[in-house]
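Asker: Residue numbers (the UniProt record's numbering): 1 to 174.
Quick one: this structure, given as structure tokens, is what I'll be asking you about.
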């Protein structure tokens, strides 16, 4: 029985060692999720504010309305995104493109369609005739920074994942 238990321990160690810096990845994931939650709460404040103005004829005397909470949620979300970026840069983590696309580089705001950013599809080819030239433009409503992403183009593989043709390698080593 002792041999079986040591085998289980060794496989458990092998499984846990597959992800280096697991604690840092967990922290970065938590910061991103918390920032997204705070940004979503900002949206709920807007909807709650519109419901209270339509449904109730009285105002709250202490000033704790949804309007006063919006800047708090926005500041908290931006602070969490700044921490997220700082931790990921310091630990040299590779962040997924979807996460990068959802954050404004200028002001660290979570980009939520229709709320904190506007989306437009632009085609600057002559008369918009080239469908492969479509570009998604996301403009941050906080700082005005515009990010551009090609719509139909495939992402290029990382350099180490691209195959280096052997014929070119042979020609390079004369």
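Beta carbons are placed, not taken as given, at the ideal position from N, Cα and C, and that holds for glycine.
Given the structure is predicted, the values throughout are model-derived calculations rather than measurements.
1. Return the bridge partner residues of residue 103 from the DSSP annotation.
2. Give me, in chain order, the residues of the same chain whose beta-carbon lies closer than 6 Å to that of residue 38; leave out the 5 immediate sequence neighbours on both sides.
3. Can you tell me whether residue 159 is buried or exposed? The criterion is at least 16 other CB atoms within 10 Å of its CB, across all chains shown.
4. Which value, in whole angstroms, describes the spacing of the CA atoms of residue 162 and residue 142?
5. By how many angstroms is the C-alpha of residue 147 removed from the C-alpha of residue 104?
6. Label residue 102 either buried or exposed according to how many other C-beta atoms from any shown protein chain fall within 10 Å of its C-beta, with 16 as the threshold for buried.
7. Provide the residue span of the beta strand (DSSP E) that contains residue 136, from first to last.
8. Do residue 84 and residue 136 have their C-beta atoms closer together than 8 Å?
9. Where does residue 164 sit, in a helix, a strand or coil, going by DSSP?
10. Look at the alpha carbon of residue 151 and the alpha carbon of residue 26, and state the distance between them as a whole number of angstroms.
11. Whole angstroms are fine: how far does the CA of residue 140 sit from the CA of residue 114?
12. Within 10 angstroms of the Cβ of residue 35, are there 16 or more other Cβ atoms? Answer buried if so, exposed if not.
13. Considering only their Cβ atoms, is the gap separating residue 108 from residue 91 smaller than 8 Å?
14. Keeping to the same chain, check which residues put their C-beta closer than 7 Å to that of residue 1; ignore five residues upstream and five downstream.
15. Residue 145 and residue 106 - do their beta-carbons sit closer together than 8 Å?
16. For residue 29, count neighbouring C-beta atoms within 10 Å of its own C-beta (all shown protein chains included) and say buried if the count is 16 or more, exposed if not.
Answerer: With the given structure in hand:
1. 110
2. 73, 76 and 77
3. exposed
4. 38 Å
5. 8 Å
6. buried
7. 135-140
8. no
9. coil
10. 31 Å
11. 10 Å
12. buried
13. no
14. Bear in mind that the predicted position of residue 1 carries a pLDDT of just 49, short of 50, making it unreliable; the figure below should be weighed with that in mind. Closer than 7 Å at the Cβ level, and outside the excluded window around residue 1, lies no residue.
15. yes
16. exposed
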